[in-house]
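Written out below as structure tokens is the structure these notes cover.
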Amino acid sequence: MKRLVLVLLILPFFVACNQKELKQLREQNQQLTSMAKQKDSTINDFIESLNTIEENLEIIKEKETIISVNSENPNKSQKQKIASDLTSINNLLEQNREKIADLEKKLNNSWYQNSKLRKLTDRLKTKLEAKETEIIALNDKVAKLNIEVENLNGKVTELNGTVLALNTENETKTQEIVEKTAALNTGYYVCGTSKELKEKQVITKDGGFIGIGKTAVLNKDFKESEFKKIDITQTTTIPVKGKKISLVTSHPTGSYKVEGTDTVEGITILDPAEFWKSSKYLVVAVR
8 MKRLVLVLLI LPFFVACNQK ELKQLREQNQ QLTSMAKQKD STINDFIESL
58 NTIEENLEII KEKETIISVN SENPNKSQKQ KIASDLTSIN NLLEQNREKI
108 ADLEKKLNNS WYQNSKLRKL TDRLKTKLEA KETEIIALND KVAKLNIEVE
158 NLNGKVTELN GTVLALNTEN ETKTQEIVEK TAALNTGYYV CGTSKELKEK
208 QVITKDGGFI GIGKTAVLNK DFKESEFKKI DITQTTTIPV KGKKISLVTS
258 HPTGSYKVEG TDTVEGITIL DPAEFWKSSK YLVVAVR
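Throughout, this note's numbering is defined as the position within the sequence shown, counted from one, plus 7.
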């Protein structure tokens, strides 16, 4: 009987102890579960960051190849593409630097240390540093390329200036030739009675003796405005009306003929070169 009473007295104590121990075990289990989840999350974050760094390095490698190909003999659009790719590469390198710095910080501060993750981080850090060295060399190459292109552009600009000057000179000479040709091909004629021609100061009397036997000649001080201008290569007929005409200026007889019967209606130039050889001015006196 005494033993039964003793057992009944001790039993609650053991139950209380077991419940306390069970509670501690549950708390430890929850803590371990939380730590395991944290560990899995940390590892997943590391793996995701490492994969991103690897992908960025692959993209950089592809862009390096494109730049190397385009920089051989770049045109304007390729130069713009090279500049854009270099900017993209530098941005990717900066992202990788930030991610590696973040990984190292997490490794240093994390309760969970993993030698494999540390090795992977160190390997990628070394790989990134080597890639940065390559990109520096690539930047130098492109910079030199830009200098060469600028020098070529300067030479092209200089050549364009020379060509422009030559074109201007050629245009000036062409204009001079056109003007000289037009002047050479320009003839002048005037028709009228002797009285009219004298009044216009186109002709004057010259020669003779005591006022007898003087002939009409072209006045040295004639006004060109009294003449009609023609293109001697295009005009072969000079319109003249009168019963009788005479040429005051000198023109070879065989180089022209007078058209008409009772009334003269014009002078036909048979050989323009010969007709205008002695004088580019034709003065016709009519009666």
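All residues carry an ideal CB built from backbone N, CA and C; glycine is no exception.
Selection from the options that minimises the alpha carbon distance to residue i
{"i": "Ser262", "options": "Lys284, Ser232, Asn167 and Leu166", "result": "Lys284"}
{"i": "Lys329", "options": "Thr193, Ala223 and Asn192", "result": "The chain is shown from 8 up to 294; residue 329 falls before or after that span and cannot be answered."}
{"i": "Val293", "options": "Thr260, Val255 and Glu233", "result": "Val255"}
{"i": "Thr243", "options": "Thr193, Ser253 and Ser257", "result": "Thr193"}
{"i": "Lys235", "options": "Val209, Leu99 and Asp129", "result": "Val209"}
{"i": "Ser257", "options": "Lys112, Asp278 and Ser286", "result": "Ser286"}
{"i": "Pro279", "options": "Glu266, Gly267, Pro259 and Glu272", "result": "Pro259"}
{"i": "Leu303", "options": "Gln241, Ile60, Leu131 and Thr72", "result": "Residue 303 is absent from the model: the chain starts at 8 and stops at 294."}
{"i": "Ala144", "options": "Asn97, Glu272, Ala172 and Gly267", "result": "Asn97"}
{"i": "Asn63", "options": "Leu131, Ile89, Leu124 and Ala90", "result": "Leu131"}
{"i": "Ser95", "options": "Lys251, Ile142, Leu124 and Asp213", "result": "Ile142"}
Residue i to residue j span [Cα, whole Å]
{"i": "Leu289", "j": "Ile237", "result": "11 Å"}
{"i": "Ile67", "j": "Glu176", "result": "53 Å"}
{"i": "Lys148", "j": "Leu93", "result": "12 Å"}
{"i": "Val170", "j": "Thr188", "result": "26 Å"}
{"i": "Ser232", "j": "Lys264", "result": "26 Å"}
{"i": "Ile274", "j": "Ala190", "result": "22 Å"}
{"i": "Asn146", "j": "Glu139", "result": "10 Å"}
{"i": "Ile217", "j": "Lys202", "result": "Model confidence at Ile217 stands at a pLDDT of 47, short of 50, so the residue's coordinates are unreliable; what they give is reported in the following sentence. Answer to the nearest angstrom: the Cα atoms are 21 Å apart."}
{"i": "Ile276", "j": "Phe282", "result": "7 Å"}
{"i": "Lys126", "j": "Thr164", "result": "56 Å"}
{"i": "Lys113", "j": "Thr128", "result": "11 Å"}
{"i": "Ala43", "j": "Gln87", "result": "Its pLDDT being 47, under 50, Ala43 is placed unreliably by the model, and the measurement read from it follows with that caveat. If I take the Cα positions, the gap works out to 51 Å."}
{"i": "Thr179", "j": "Leu166", "result": "20 Å"}
{"i": "Ile239", "j": "Lys221", "result": "31 Å"}
{"i": "Glu272", "j": "Ser253", "result": "13 Å"}
{"i": "Gly215", "j": "Val291", "result": "Confidence at Gly215 is low in this model, with a pLDDT of 46, below 50, so its placement is unreliable and the value that follows should be read with caution. Cα to Cα, Gly215 sits roughly 21 Å from Val291."}
{"i": "Glu55", "j": "Glu65", "result": "15 Å"}
{"i": "Val22", "j": "Leu124", "result": "Reliability fails at Val22, whose pLDDT of 49 lies under 50, so the model's placement of it is uncertain and the value that follows must be treated cautiously. Distance between the alpha carbons of Val22 and Leu124 is about 47 Å."}
{"i": "Gly267", "j": "Lys212", "result": "28 Å"}
{"i": "Lys251", "j": "Asn174", "result": "54 Å"}
{"i": "Glu378", "j": "Ser91", "result": "What is shown of the chain runs 8 to 294, which leaves residue 378 out entirely."}
{"i": "Glu69", "j": "Gly168", "result": "41 Å"}
{"i": "Asn115", "j": "Thr72", "result": "36 Å"}
{"i": "Ile89", "j": "Asn58", "result": "26 Å"}
{"i": "Gln241", "j": "Lys207", "result": "27 Å"}
{"i": "Asn103", "j": "Ala172", "result": "55 Å"}
Counterpart residues of residue i in DSSP-defined beta bridges
{"i": "Asp278", "result": "Per DSSP, none; premise fails for Asp278."}
{"i": "Glu266", "result": "Gly273"}
{"i": "Ile245", "result": "Ile274"}
{"i": "Leu289", "result": "Tyr196"}
{"i": "Asp213", "result": "Thr222"}
{"i": "Asp238", "result": "Thr193"}
{"i": "Ile252", "result": "Val293"}
Problem - Any 3 or more C-beta pairs closer than 8 Å across the region 185-204 and the region 238-247 - result: yes
Handout entry: the region 95-112 touching the region 131-142, judged by at least three CB pairs closer than 8 Å
Key = yes
Problem - At least 3 beta-carbon pairs within less than 8 Å: the region 220-227 vs the region 180-190 - result: no
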